[in-house]
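A.B. asks: Once you've had a glance at the structure underneath, I'll fire off some questions.
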Amino acid sequence: MVVFILAGICSPDVTTGLLSFAQAKAILGNWFLALVLFGIVFILSFYSLHRMYHSTHDFNIHSKIFWYVCYGGAAALSFIVLGLQILIYCKLF
11 MVVFILAGIC SPDVTTGLLS FAQAKAILGN WFLALVLFGI VFILSFYSLH RMYHSTHDFN
71 IHSKIFWYVC YGGAAALSFI VLGLQILIYC KLF
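To convert, note that position 68 of the sequence shown is 78 in our numbering; the numbers rise steadily by one, no gaps.
In structure tokens form, the structure reads like this:
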């Protein structure tokens, strides 16, 4: 998100303040920036869902299903983002 916010602020079309789809594709067309964005999404999703999992222990909920939901959701979100970035990088999307 930081990459998109900074790119939106520094974009040449400051009057609208929004990134167009073409500008977002240009940002993700760079393999390094796509890798950085994937790393940010990966770390933040696992961190936030890890905290949600441990907060269930504060409510005395010790079910294994919450472990699968939290970490499975973080993995699914990370792989969806990775797949979309690969599609954009290969210019299939």
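Ideal Cβ positions, reconstructed from N, Cα and C, are used throughout, including at glycine.
None of these values were measured; they are calculated from a predicted model.
1. Taking residue 58 as part of the alpha helix (DSSP H), name the residues at either end of that continuous run.
2. Measuring alpha carbon to alpha carbon, tell me which of 75, 96 and 79 ends up nearest residue 47.
3. Should residue 65 be labelled buried (16 or more other beta-carbon atoms within 10 Å of its own) or exposed?
4. Could you name the residues of the same chain whose beta carbon sits closer than 6 angstroms to that of residue 92, not counting the 5 residues immediately before and after it, in chain order?
5. Looking only at its chain, what residues have a beta carbon closer than 8 angstroms to the beta carbon of residue 81, apart from the 5 residues adjacent to it on each side?
6. Does the separation of the CB atoms of residue 98 and residue 38 fall below 8 angstroms?
C.D. replies: The relevant details are as follows:
1. Per DSSP, residue 58 belongs to the alpha helix (DSSP H) from 41-68.
2. Nearest of 75, 96 and 79 to residue 47, Cα basis: 96.
3. That one is exposed.
4. Same-chain partners within the cutoff: 48.
5. Setting aside the 5 residues that flank it on each side, residue 81 is surrounded in the same chain by 56, 59, 60 and 63, each with a C-beta closer than 8 angstroms to its C-beta; the list follows chain order.
6. Going by C-beta atoms, residue 98 is nearer than 8 angstroms to residue 38.
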